[in-house]
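Participant:
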Amino acid sequence: MNVVYLDNNATTAIAPEVFEAMTPYLTSHYANPSSQYSFAQDVREAVENSRDAIAAHLKIKSSELIFTGSGTESANLAVKGVAYAHRSRGNHIITSAVEHPCVLESCKALEKEGFEVTYLPVNKEGEISIEELKAAITEKTILISIMFANNEIGTIQPIRKIGDIAKEHKILFHVDAVQAVGKIPVFPKELNVDLLGFAAHKFYGPKGIGGLYIRNGVRLEKVISGGHQERNRRPGTESAANIVGMAKALELCVNSMVEESQNESELRDYLETELVKKIPECFINAKNANRIPGTTSITFKYIEGESILLSLDMYGICVSSGSACSAGDLAASHVILGIGVPIEDAQGTIRFGIGKYNTKEECDKVIEVLPKAIEKLRMMSPLYNV
Amino acid sequence: MYSEKVIDHFQNPRNVGTLENPDGYGKIGNPSCGDIMEIYLKINSNHIIEDVKFRTFGCASAIATSSMATELIKGKDIHEALKVTNKVVMESLDGLPPKKVHCSVMAEEAIQAAILDYATKNNITVAVQACDSHTCGGCCSK
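Residue numbers (our numbering), protein chains in the order written: chain A, 1 to 386; chain B, 387 to 528.
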């Protein structure tokens, strides 16, 4: 059976051009980029050229970009690195209640070490309130960390406004941009952002490589101890293949961004419209928010998400769910709950992530099979009164 | 992840529905756990379960275990039916992934609740006690 992959927010397929660009560094060009002999020179050049290319796309300096092992690692380094480096100045961090666990858990770990964290609530579109942000700032605030775009519902936060406030109060501003880079224009310097994280596998690059923009002058403590790679910010032998892959992936995305985001938005809107037409009592979460293209979170009342997911899996369709039974930690999605969806509805929430390889035919397949699947599950549900 | 039997019971669940004027009725769970299970029993004067129906709000494991559980207790007398534990149900399904085992506990508890309901209404002693903590079917004990 053909796979209909509609979970591009979870991860994306590696683009063929990316794989091609990576292969020499997985085969003949295997030297450690930090080695001093000529055999390693090509590899070092490839790493630095990739750094220059990615930095140019983000309109930052090469000296401000370091490579990490993942989006999660970038967030850990940014949040904990800033917290530890600035703890003599203050111990208060402001973030949002709908951040990815890599930020939330970093904050919770810091709370155990004496830091105080404010988790700003969001409205039903998933946005934080600028007024509440301002009200939360104290003399001890050293970091604001707000994600660019939400992985579950797609909502884009008012980053520029937050950046302006952070700058005014001289507070460092970190943005987890893992769901934004490659999909929409992201220029941290234009937004007064001091640190910004991303990961290649969300934009058709390989898994196991992330990036972190650290504005020149920002003090940061290392979270990994070791050698002096990446300007002594992140020890560990650089993966040339992954770095080259990430640069190629970003280049491809930037070159086709306008067309692809248009396509994905259209397919997303089409899927939403048709499903709402054909399935009673389903609703689109954060429908009126400014969202990244391709992402839609849909709640189907009276039934549970993992059973919907498995029903679609029977047809080869891959999506993800916000239900407790489909989460690693067996808790319903904090994001869906955070936008005010009641818990029983949060359990019946599915996320579709449309990407550049998806087609209208694939959406039509979902539109054809999902209504029947939902109806079948509803007939079994004690919450559904026919 | 799931065995063929689980997939079969998920795609073709047996005994879905309700019974009017059930002799025994049990409901376990709540939405915050993501699991709710209802069992309806028709029991004859010899305490044999003649018919059983279920409704479930829950994941594929919950649905499959409900379906299998109803199959296993049909035709049994109520005391025999109480021996259909979640372990028995899981084994009949060729096992569940470890993280999904808790979903099978609901089926056992819903059956117990339904039989206890019948027993209470008919002044019969059965080997199960009503327990105040059965609001979430134990699925929250992660």
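For glycine and all other residues, C-beta sits at the position ideal for the given N, C-alpha and C. The model shown is predicted, which means the values in this text are computed figures rather than measured ones.
Roughly how far, in whole angstroms, is the beta-carbon of B/Ser490 from the beta-carbon of B/Ser447, given that I think they are within contact range, below 8 Å?
Facilitator: The residue you call residue 490 of chain B lines up with position 104 of the second sequence. The residue you call residue 447 of chain B lines up with position 61 of the second sequence. Right, the Cβ-Cβ distance comes to about 7 Å (below 8 Å), so this counts as a contact.
Participant: Taking the runs of the beta strand (DSSP E) that are 3 residues or longer, which of them lie wholly in the stretch 52-127 of chain A?
Facilitator: List check, beta strand (DSSP E) in window: 65-68, 92-96, 116-120.
Participant: According to DSSP, is A/Ala136 part of a helix, a strand, or is it coil?
Facilitator: In the first sequence, residue 136 of chain A corresponds to position 136, counting from 1. A/Ala136: helix per DSSP, three-state reduction.
Participant: Quick one: is B/Glu424 near chain A, going by C-beta distance under 9 Å?
Facilitator: As a first step, residue 424 of chain B is located in the second sequence; it is residue number 38 there, counting from the start. Chain A, which has a Cβ nearer than 9 Å to the Cβ of B/Glu424, makes this yes.
Participant: Between which two residues does the beta strand (DSSP E) holding A/Tyr270 run?
Facilitator: As a first step, residue 270 of chain A must be located in the first sequence, where it is residue number 270. No beta strand (DSSP E) contains A/Tyr270, which is instead part of the alpha helix (DSSP H) from 240-278.
Participant: Checking contacts by CB at 9 Å: is B/Gly410 closer than that to chain A?
Facilitator: Position 24 of the second sequence holds residue 410 of chain B. With 9 Å as the cut-off, B/Gly410 does not count as an interface residue toward chain A.
Participant: Does B/Gln498 get closer than 9 Å to chain A when you measure Cβ to Cβ?
Facilitator: One-based indexing of the second sequence puts residue 498 of chain B at position 112. Chain A, which has no Cβ nearer than 9 Å to the Cβ of B/Gln498, makes this no.
Participant: Are three or more beta carbon pairs between the stretch 71-78 of chain A and the stretch 185-201 of chain A nearer than 8 Å?
Facilitator: Yes: the two stretches touch, three or more of their Cβ pairs being nearer than 8 Å.
Participant: Quick one, are the C-beta atoms of A/Leu104 and A/Lys80 less than 9 Å apart?
Facilitator: Sequence index remark: in the first sequence, residue 104 of chain A carries index 104 (1-based). Sequence index remark: in the first sequence, residue 80 of chain A carries index 80 (1-based). Their beta carbons are not under 9 Å apart, which means A/Leu104 does not touch A/Lys80 by this criterion.
Participant: I want to verify the contact list: residues of chain A whose CB lies under 7 Å from the CB of B/Ala446, in sequence order.
Facilitator: Counting from 1 along the second sequence, the entry for residue 446 of chain B is found at position 60. Those are Glu306, Ser307, Leu310, listed as they occur along chain A.
Participant: What ranges does the beta strand (DSSP E) occupy inside the stretch 412-484 of chain B, keeping only unbroken runs of at least 3 residues that lie completely in it?
Facilitator: 421-429, 435-443, all fully within the stretch 412-484 of chain B.
Participant: Grab me the residues of A/Lys134's own chain with a C-beta within less than 7 Å of its C-beta, minus the 5 sequence neighbours each way, in chain order.
Facilitator: Within the first sequence, residue 134 of chain A is the residue found at index 134, counting from 1. Once the five neighbours on either side are set aside, the close Cβ partners of A/Lys134 are Ile165.
Participant: Which whole-angstrom value is the C-beta distance of A/Ile66 and A/Pro206, which I expect to be below 8 Å?
Facilitator: In the first sequence, the residue the question calls residue 66 of chain A occupies position 66. In the first sequence, the residue the question calls residue 206 of chain A occupies position 206. That pair is no contact at about 17 Å.
Participant: List the residues of chain D whose Cβ lies closer than 8 Å to the Cβ of B/Thr442, in chain order.
Facilitator: Given the protein chain composition of this structure (A and B), no chain D is represented.
Participant: Check the Cβ-Cβ distances between A/Pro342 and every residue of chain B, and say whether any is below 9 Å.
Facilitator: What you label residue 342 of chain A is simply residue 342 of the first sequence in a count that begins at 1. Interface residue, yes.
Participant: Between A/Lys124, A/Lys365, A/Val82, A/Leu195, which has its C-alpha nearest A/Leu312's C-alpha?
Facilitator: To locate residue 312 of chain A, count along the first sequence from 1; it is residue 312. The shortest C-alpha separation from A/Leu312 is found at A/Lys365.
Participant: Write down every uninterrupted run of the beta strand (DSSP E) in the stretch 309-370 of chain A whose length is 3 residues or greater and which is fully enclosed by it, in chain order.
Facilitator: Counting only runs of 3 or more, we get 349-353.
Participant: Enumerate in chain order the residues of its own chain whose CB-to-CB distance from A/Met21 is below 7 Å, with the five nearest sequence positions on each side excluded.
Facilitator: Taking the first residue of the first sequence as position 1, residue 21 of chain A is located at position 21. Per the sequence shown, residue 21 of chain A should be read as Ala rather than Met. Same-chain partners within the cutoff: Val244, Gly245, Lys248.
Participant: In three-state terms, what does DSSP make of B/Gly403?
Facilitator: Here residue 403 of chain B is taken as the residue at index 17 of the second sequence, counted from 1. Three-state DSSP puts B/Gly403 in coil, outside helix and strand.
Participant: Give the list of continuous beta strand (DSSP E) stretches no shorter than 3 residues that lie fully inside the stretch 133-183 of chain A.
Facilitator: 141-145, 172-176, all fully within the stretch 133-183 of chain A.
Participant: What does A/Ser297 pair with, by DSSP beta-bridge criteria?
Facilitator: Residue mapping note: residue 297 of chain A aligns to position 297 of the first sequence, counting from 1. BP columns for A/Ser297 point to A/Asn285, A/Arg351.
Participant: Along chain A, which residues have their Cβ under 7 Å away from the Cβ of B/Pro417?
Facilitator: Position 31 of the second sequence holds residue 417 of chain B. Neighbours of B/Pro417 on chain A, chain order: Ile343, Glu344, Gln347.
Participant: Which bits of chain B does A/Ser323 rub up against, with CB to CB less than 8 Å?
Facilitator: To locate residue 323 of chain A, count along the first sequence from 1; it is residue 323. Result: Gly420, Cys445.
Participant: Going straight from the alpha carbon of B/Met423 to that of B/Glu436, what length do you get?
Facilitator: On the second sequence, position 37 is the one that residue 423 of chain B refers to. On the second sequence, position 50 is the one that residue 436 of chain B refers to. C-alpha separation (whole angstroms): 20 Å.
Participant: Listed in chain order, which residues of the stretch 447-464 of chain B have Cβ atoms closer than 7 Å to some Cβ of chain A?
Facilitator: Listed by position, the residues of the stretch 447-464 of chain B near chain A (Cβ gap below 7 Å) are Ile449.
Participant: I'd like to know whether the C-beta of B/Ile510 is nearer than 9 Å to at least one C-beta of chain A.
Facilitator: Here residue 510 of chain B corresponds to residue number 124 of the second sequence, with the count starting at 1. With 9 Å as the cut-off, B/Ile510 does not count as an interface residue toward chain A.
Participant: If you pair each beta-carbon of the stretch 25-43 of chain A with each one of the stretch 166-185 of chain A, do three or more pairs fall below 8 Å?
Facilitator: No: the two stretches stay apart, fewer than three of their Cβ pairs being nearer than 8 Å.
Participant: What are the residues that DSSP puts in a beta bridge with A/Ile214?
Facilitator: For the purposes of this step, residue 214 of chain A is taken as residue 214 along the first sequence, with counting starting at 1. Its beta-bridge partners are A/Leu195.
Participant: Note down the Cα distance separating B/Lys460 from B/Lys469, rounded to an integer number of angstroms.
Facilitator: Residue mapping note: residue 460 of chain B aligns to position 74 of the second sequence, counting from 1. Residue mapping note: residue 469 of chain B aligns to position 83 of the second sequence, counting from 1. In a straight line, the C-alpha of B/Lys460 is about 13 Å away from that of B/Lys469.
Participant: Check distances from the C-beta atoms of the stretch 291-305 of chain A to those of chain B and list, in chain order, the residues that come in under 9 Å.
Facilitator: Hits within the stretch, in order: Tyr302, Ile303, Glu304, Gly305.
Participant: Return yes when the Cβ of B/Tyr388 is within less than 9 Å of the Cβ of B/Gly403, no when it is not.
Facilitator: Position 17 of the second sequence, counted from the first residue, corresponds to residue 403 of chain B. Position 2 of the second sequence, counted from the first residue, corresponds to residue 388 of chain B. Not closer than 9 Å, so no.
Participant: How is A/Gly205 classed by DSSP in three states: helix, strand or coil?
Facilitator: Stepping through the first sequence from its first residue, residue 205 of chain A is reached at position 205. In the structure shown, A/Gly205 sits in coil (DSSP, three-state: anything other than H, G, I, E or B).
Participant: Does A/Leu370 come within less than 9 Å of chain B when only Cβ atoms are used?
Facilitator: As a first step, residue 370 of chain A must be located in the first sequence, where it is residue number 370. So, not an interface residue.
Participant: At the 9 Å Cβ level, is B/Cys522 part of the contact set with chain A, yes or no?
Facilitator: Stepping through the second sequence from its first residue, residue 522 of chain B is reached at position 136. Only weak support exists for where B/Cys522 lies, its pLDDT of 44 falling under 50; the coordinates are left without a value.
Participant: Can you tell me which of B/Asp463, B/Ala455, B/Asp480 puts its alpha carbon nearest to the alpha carbon of B/Ala505?
Facilitator: Here residue 505 of chain B refers to the residue found at position 119 of the second sequence. Ranking the options by Cα distance to B/Ala505, first place goes to B/Asp463.
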